[in-house]
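Chemist:
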Amino acid sequence: MCIIPASYWSVRLSLSRKMVTVPHIDGKIMFRRCLVTFKPFRIFVVGIGFFSLCFLMTSLGGQFSAKRLGDSPFTIRAEVLGGLESRGVLRKISDMLEVIMKRIDTLSKRDNMSDTRILDELSSSIDRFQPAGLIERIQAIAQNVSNMAVKVEQILQNSLAAGRVRDGIANRCEAPQDPKYPECSSKLDWMRARWTSDPCYAFYGVDGSECSFLIYLSEVEWFCPPLPWRNHTTSTTPKPRGKRQAAFRTDIEALLEQVGTGKESLIFMKRRIRRLAGQWGQAANRLGEKLKRSWRERKKQVPLSVVFFLGVPPGRGSCPLTGPLPFDLIYTDYHGLQQMKQHMGLSLKKHKCHIRVIDTFGTEPAYNHEEYAMLHGYRTNWGYWNLHCKQYMTMFPHTPDNSFMGFVSEELNGTQKEYIQRNKVNNVAVVYGKEASMWKLQGKERFLQILHRFMEIHGTVYYETQRPPEVPAFVKNHGLLPQNELQQLLRRAKLFIGFGFPYEGPAPLEAIANGCIFLQPKFRPSHNSLNHEFFRGKPTSREVSSQHPYAEQYIGRPHVLTVDYNNSEEFESAIREIMTTKVEPYLPYEYTCEGMLERVHAYIQHQDFCNPGVSIGNDSKVLPGNSSSHFVRLPNSSGLTWSGSVAGPSTWPPLSAMRLLLSEEGQSCIEQCQDHSLVCEPTFFHFINSKEAFTQLQIQCDALESEMNHIYPAFSFSRRDCCLQKEPLLFSCAGFHSKFRRLCPCRDFRKGQVALCRDCL
Numbered sequence: 000m001c002i003i004p005a006s007y008w009s010v011r012l013s014l015s016r017k018m019v020t021v022p023h024i025d026g027k028i029m030f031r032r033c034l035v036t037f038k039p040f041r042i043f044v045v046g047i048g049f050f051s052l053c054f055l056m057t058s059l060g061g062q063f064s065a066k067r068l069g070d071s072p073f074t075i076r077a078e079v080l081g082g083l084e085s086r087g088v089l090r091k092i093s094d095m096l097e098v099i100m101k102r103i104d105t106l107s108k109r110d111n112m113s114d115t116r117i118l119d120e121l122s123s124s125i126d127r128f129q130p131a132g133l134i135e136r137i138q139a140i141a142q143n144v145s146n147m148a149v150k151v152e153q154i155l156q157n158s159l160a161a162g163r164v165r166d167g168i169a170n171r172c173e174a175p176q177d178p179k180y181p182e183c184s185s186k187l188d189w190m191r192a193r194w195t196s197d198p199c200y201a202f203y204g205v206d207g208s209e210c211s212f213l214i215y216l217s218e219v220e221w222f223c224p225p226l227p228w229r230n231h232t233t234s235t236t237p238k239p240r241g242k243r244q245a246a247f248r249t250d251i252e253a254l255l256e257q258v259g260t261g262k263e264s265l266i267f268m269k270r271r272i273r274r275l276a277g278q279w280g281q282a283a284n285r286l287g288e289k290l291k292r293s294w295r296e297r298k299k300q301v302p303l304s305v306v307f308f309l310g311v312p313p314g315r316g317s318c319p320l321t322g323p324l325p326f327d328l329i330y331t332d333y334h335g336l337q338q339m340k341q342h343m344g345l346s347l348k349k350h351k352c353h354i355r356v357i358d359t360f361g362t363e364p365a366y367n368h369e370e371y372a373m374l375h376g377y378r379t380n381w382g383y384w385n386l387h388c389k390q391y392m393t394m395f396p397h398t399p400d401n402s403f404m405g406f407v408s409e410e411l412n413g414t415q416k417e418y419i420q421r422n423k424v425n426n427v428a429v430v431y432g433k434e435a436s437m438w439k440l441q442g443k444e445r446f447l448q449i450l451h452r453f454m455e456i457h458g459t460v461y462y463e464t465q466r467p468p469e470v471p472a473f474v475k476n477h478g479l480l481p482q483n484e485l486q487q488l489l490r491r492a493k494l495f496i497g498f499g500f501p502y503e504g505p506a507p508l509e510a511i512a513n514g515c516i517f518l519q520p521k522f523r524p525s526h527n528s529l530n531h532e533f534f535r536g537k538p539t540s541r542e543v544s545s546q547h548p549y550a551e552q553y554i555g556r557p558h559v560l561t562v563d564y565n566n567s568e569e570f571e572s573a574i575r576e577i578m579t580t581k582v583e584p585y586l587p588y589e590y591t592c593e594g595m596l597e598r599v600h601a602y603i604q605h606q607d608f609c610n611p612g613v614s615i616g617n618d619s620k621v622l623p624g625n626s627s628s629h630f631v632r633l634p635n636s637s638g639l640t641w642s643g644s645v646a647g648p649s650t651w652p653p654l655s656a657m658r659l660l661l662s663e664e665g666q667s668c669i670e671q672c673q674d675h676s677l678v679c680e681p682t683f684f685h686f687i688n689s690k691e692a693f694t695q696l697q698i699q700c701d702a703l704e705s706e707m708n709h710i711y712p713a714f715s716f717s718r719r720d721c722c723l724q725k726e727p728l729l730f731s732c733a734g735f736h737s738k739f740r741r742l743c744p745c746r747d748f749r750k751g752q753v754a755l756c757r758d759c760l
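Okay, so the sequence shown: first residue is 0 according to numbering that gives the first Met the number 0, each after it adds one.
Written out as structure tokens, the structure reads:
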């Protein structure tokens, strides 16, 4: 294809009747050569290009000027050529080009024609399409193009001048190389490719420029170093709010308003709140007197719709929050945690230290740590949150790895207790099971027949009027009773009997509080995630030895009997014992209003997972040391305690409560501590995770290793290896292994309050 430089066309192009004249002789020679050597397709392309230019100039009226103040040089105007007239010129030019292209195509195929003859033939073809004024109008179009070129040149000059100013900033927006920010370069590449994937980036000012990427990555997500030319003094740090003394509030109307209305469950909750409001008020006053000399800081609070108040930027949660949270603590469940992850995105990692998860079955460290769980077969539907395991708050003290939140059962006063004891009917039993499916458990008919020989059996099984439940004919079913009527039935009955399911519900504690004896089945073998469908997928390896392990372990006889239902003689003996045993209504202190307030108060005041150096201590290897050991031998024991001569860091529970023991092979720290009437305390793992702890326990280590393992720190007798924990989130009271003896940090506990040590309040 022949390309003609613009300089050859800079003077004037004339079209005469007999010849084509180009003012510059070299241009004439080149033009003639191009006409001869053009192939038909190439001529077509050139023609279309010229046609398009003419169409553009004509349709725009031949002018790109800004005559009025504020007009852009590209404002569309039509002032030189009229609309109809312009289209007429356009049609004539189009026809002319079509004839020229056809003629050139014909002439180019003739091998015996000279160059002069070809130009003459072409000139003759053009003559037929040259009405008066056509050339002048083409010249006008060319002049307009020239004017436009001048204006474009002016714009480009202005743009280049502005660009030189911007270059000063652009040069400052090159990706910095700073070893303190190793991810900056990769994050910058990601932003270049994906910054439009979520509207939240634009919300924070990202516009596709390098500067906006670096500003975002250095000031919003902190993957890149701060840019020195940015004005960092304008970012205002929120003023620390003044500390205020916390106080118990007795007005429940604000709480009732936030609970809402409409659902049956909400109606039940509000009724219960009103019924127990007096007990809560009295408990708050008693605890207030107990704590009157201690400072209790008031926490920030907002209404219940948590996600709405987080200040989440618009989009799909890819961007973090930049401002402080308007509250100190967030109590939620697994579903709420999932919603927060969806809305908060990256911000969840930064702010999850404020979260407390209400967890009915407990979450052990091996299931909580995502990477470890995936690599070692601890996959579940609930784990992987990488929280500090004390952030999970359970209904019962399943494992000390979690925090025991609990609940409250209604407490009876002295008069009510006396009335119950006078009116107990020794031969009335109530079955624990309000769903018909619970009555279909295999083997229930046999022990119910034995029970029927001694007692009158009552049930509270829900059913519709048209379809009564399939229960034995000798069972008097009351249907699903309101709470007050159920209370009256329990206050008359002597026995509350479980079928083995549901596990660990509140009903047995309510029955015991109303003077019943709770009879439950012993599980042989224990139920766990491997042999029972209910526990499959739960984030725990717990071995459940009975329907209600808390009642078995922490209450026991005479209020709780745990027997083998498959042994008829043992079951019948238990029924006879129950009928002749007199018990008073009993409720463990930790399930009273005061007990729960005391426990929650301690958690709120002392648990701080946002500042782990304060709340969970540090590895004892980095504590300020001296010639004295951190541990001393306990009197008449092989265990150790923290040395009073070594100043330890401020931690909760206090180090004075610690007792360091060595478990048996295959024994968990939960079991080892229980054997010594103590409770495993995972907070103390940080202070015993050292070679010194093994040495003071008189363990000789042939090798010392540090790994991610939920049973470490531990000792292998077969290999003589001492193993330290590498990942603090994997410190576990629940873990055990048949070939390891574990280092177990235990503590004492308050009577009736297993969650708190004696000096924890």
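Each residue gets a CB set at the ideal place from its N, CA and C atoms; glycine is no exception.
With a CB to CB cut of under 6 Å and the five nearest residues on each side skipped, what residues in its chain are close to residue 740?
Modeler: The residue labelled residue 740 in the question sits at position 741 within the sequence shown. Result list for residue 740: 661, 662, 664 and 714, in chain order.
Chemist: Relative to the C-alpha of residue 181, which candidate in 216, 381 and 560 has its C-alpha closest?
Modeler: Within the sequence shown, the letter at position 182 stands for residue 181. It is 216.
Chemist: For residue 628, which of 570, 370, 704 and 687 has the nearest alpha-carbon?
Modeler: Taking the first residue of the sequence shown as 1, we reach residue 628 at position 629. Of the candidates 570, 370, 704 and 687, the one whose C-alpha sits nearest the C-alpha of residue 628 is 687.
Chemist: So, does the stretch 413-423 touch the stretch 384-402, judging by three or more C-beta pairs under 8 Å?
Modeler: Too few Cβ pairs lie closer than 8 Å, so no.
Chemist: Excluding sequence positions up to five away, which residues of its chain have a Cβ less than 8 Å from the Cβ of residue 758?
Modeler: As a working note, residue 758 is residue 759 in the sequence shown. Hits under 8 Å: 652, 653, 655 and 656.
Chemist: Below 8 Å, how does it come out for the stretch 518-526 and the stretch 341-348: are there three or more Cβ pairs, yes or no?
Modeler: No, the stretch 518-526 does not touch the stretch 341-348.
Chemist: Locate the beta strand (DSSP E) running through residue 476, then write down its first and last residues.
Modeler: If you number the sequence shown from 1, residue 476 lands on position 477. 474-476 is the extent of the beta strand (DSSP E) around residue 476.
Chemist: Give me the Cβ distance between residue 426 and residue 454, rounded to the nearest whole Å; I'm assuming they're in contact under 8 Å.
Modeler: Taking the sequence shown and counting its residues from 1, the one referred to as residue 426 is at position 427. Taking the sequence shown and counting its residues from 1, the one referred to as residue 454 is at position 455. Yes, they are in contact, since the Cβ atoms of residue 426 and residue 454 sit about 5 Å apart, within 8 Å.
Chemist: So what does residue 451 bridge to, in DSSP terms?
Modeler: Mapped onto the sequence shown, residue 451 falls at position 452. In the DSSP output, where bridge partners are listed per residue, residue 451 has none listed.
Chemist: May I ask you to report which of helix, strand or coil DSSP gives residue 413?
Modeler: On the sequence shown, residue 413 is found 414 positions in, with the first residue counted as 1. Helix at residue 413.
Chemist: Do three or more CB pairs link the stretch 579-591 to the stretch 403-411 at distances below 8 Å?
Modeler: These segments touch.
Chemist: Residues in the same chain with beta-carbon distance under 7 Å from residue 399, minus the five sequence neighbours each way, listed in chain order, please.
Modeler: The residue you call residue 399 lines up with position 400 of the sequence shown. Cβ within range, chain order: 669, 678, 679, 680, 681 and 732.
Chemist: Taking DSSP as the reference, what is the three-state secondary structure of residue 377?
Modeler: Residue mapping note: residue 377 aligns to position 378 of the sequence shown, counting from 1. Here residue 377 sits in coil by DSSP.
Chemist: To the nearest angstrom, how far is it from the Cα of residue 251 to the Cα of residue 260?
Modeler: Along the sequence shown, one-based indexing puts residue 251 at 252. Along the sequence shown, one-based indexing puts residue 260 at 261. Near 15 Å, if we compare the C-alpha coordinates of residue 260 and residue 251.
Chemist: With distance defined between alpha-carbon atoms, name the residue in 480, 452, 468 and 544 nearest to residue 575.
Modeler: For the purposes of this step, residue 575 is identified with residue 576 of the sequence shown, where counting begins at 1. If we check each option's Cα against that of residue 575, 452 comes out closest.
Chemist: Expressed to the nearest angstrom, what Euclidean distance is found between the alpha-carbon atoms of residue 527 and residue 701?
Modeler: Residue numbering aside, residue 527 sits at position 528 when the sequence shown is read from its first letter. Residue numbering aside, residue 701 sits at position 702 when the sequence shown is read from its first letter. Residue 527 and residue 701: Cα-Cα distance of roughly 36 Å.
Chemist: Once you ignore the five residues that flank residue 570 on each side, which residues in its own chain have a CB closer than 7 Å to its CB?
Modeler: Within the sequence shown, numbered from 1, the residue matching residue 570 stands at position 571. The residues are 446, 449, 562 and 564.
Chemist: Given residue 183, which residues of its chain have a CB within under 6 Å of its CB, disregarding the five upstream and five downstream residues?
Modeler: Position 184 of the sequence shown, counted from the first residue, corresponds to residue 183. Once the five neighbours on either side are set aside, the close Cβ partners of residue 183 are 222 and 223.
Chemist: I need the straight-line Cα distance from residue 171 to residue 212, nearest angstrom please.
Modeler: Along the sequence shown, one-based indexing puts residue 171 at 172. Along the sequence shown, one-based indexing puts residue 212 at 213. Distance between the alpha carbons of residue 171 and residue 212 is about 12 Å.
Chemist: Whole angstroms is fine: what's the gap from residue 502's alpha carbon to residue 358's?
Modeler: One-based indexing of the sequence shown puts residue 502 at position 503. One-based indexing of the sequence shown puts residue 358 at position 359. Between residue 502 and residue 358, the C-alpha separation is close to 14 Å.
Chemist: Measuring straight from C-alpha to C-alpha, what distance separates residue 582 and residue 414?
Modeler: One-based indexing of the sequence shown puts residue 582 at position 583. One-based indexing of the sequence shown puts residue 414 at position 415. Whole-angstrom Cα-Cα distance: 16 Å.
Chemist: With which residues is residue 559 paired in a DSSP beta bridge?
Modeler: Your numbering for residue 559 matches position 560 in the sequence shown. For residue 559, which the question treats as bridged, DSSP gives the partners 517.
Chemist: Pick from 593, 269 and 716: whose alpha carbon is nearest that of residue 288?
Modeler: Counted from its first residue, the sequence shown places residue 288 at position 289. It is 593 whose Cα lies nearest to the Cα of residue 288.
Chemist: Can the beta-carbon of residue 356 be found closer than 9 Å to that of residue 331?
Modeler: Your numbering for residue 356 matches position 357 in the sequence shown. Your numbering for residue 331 matches position 332 in the sequence shown. Taking 9 Å as the Cβ cut-off, residue 356 and residue 331 qualify as a contacting pair.
Chemist: Does the distance from the C-beta atom of residue 457 to that of residue 512 stay below 9 Å?
Modeler: Residue numbering aside, residue 457 sits at position 458 when the sequence shown is read from its first letter. Residue numbering aside, residue 512 sits at position 513 when the sequence shown is read from its first letter. No, these two residues do not count as a Cβ contact at 9 Å.
Chemist: Could you name the residues that DSSP lists as bridge partners for residue 391?
Modeler: Taking the first residue of the sequence shown as position 1, residue 391 is located at position 392. DSSP lists 356 as partners of residue 391.
Chemist: From the DSSP output, in three-state form, read off residue 244 for me.
Modeler: As a working note, residue 244 is residue 245 in the sequence shown. It is a strand residue.
Chemist: In the DSSP assignment, find the unbroken beta strand (DSSP E) run with residue 591 in it and report its ends.
Modeler: Numbered from 1 along the sequence shown, position 592 holds the residue referred to as residue 591. Per DSSP, residue 591 belongs to no beta strand (DSSP E) and is neither H nor E.
Chemist: Determine the closest residue to residue 535 out of 360, 334, 725 and 272, with distance taken between C-alpha atoms.
Modeler: Counted from its first residue, the sequence shown places residue 535 at position 536. Checking every option, the nearest Cα to that of residue 535 belongs to 360.
Chemist: Measure the beta-carbon distance from residue 537 to residue 381 and round it to whole angstroms, keeping in mind my assumption that it falls under 8 Å.
Modeler: Position 538 of the sequence shown, counted from the start, is the residue given in the question as residue 537. Position 382 of the sequence shown, counted from the start, is the residue given in the question as residue 381. Going by Cβ atoms, the distance from residue 537 to residue 381 rounds to 7 Å, so yes, they are a contact pair.
Chemist: Is the distance from the Cβ of residue 410 to the Cβ of residue 486 below 9 Å?
Modeler: What you label residue 410 is simply residue 411 of the sequence shown in a count that begins at 1. What you label residue 486 is simply residue 487 of the sequence shown in a count that begins at 1. No. Outside cutoff.
Chemist: Does the distance from the CB of residue 390 to the CB of residue 730 come in under 9 Å?
Modeler: Counting from 1 along the sequence shown, the entry for residue 390 is found at position 391. Counting from 1 along the sequence shown, the entry for residue 730 is found at position 731. The answer is no: Cβ separation not under 9 Å.
Chemist: Figure out for me which residue from 572, 290 and 578 has the closest Cα to the Cα of residue 423.
Modeler: Within the sequence shown, numbered from 1, the residue matching residue 423 stands at position 424. With distances taken between Cα atoms, residue 423 lies closest to 578.
Chemist: Assuming residue 258 is part of the alpha helix (DSSP H), what are its boundary residues?
Modeler: For the purposes of this step, residue 258 is identified with residue 259 of the sequence shown, where counting begins at 1. From DSSP, the alpha helix (DSSP H) with residue 258 extends over 252-258.
Chemist: Check residue 364 in the structure and name its three-state DSSP category.
Modeler: Stepping through the sequence shown from its first residue, residue 364 is reached at position 365. Residue 364 falls in the helix class under three-state DSSP.
Chemist: If you compare alpha carbons, which of 273, 725 and 313 is closest to residue 253?
Modeler: Working through the sequence shown from its first residue, we reach residue 253 at position 254. The residue with the shortest Cα to Cα distance from residue 253 is 273.
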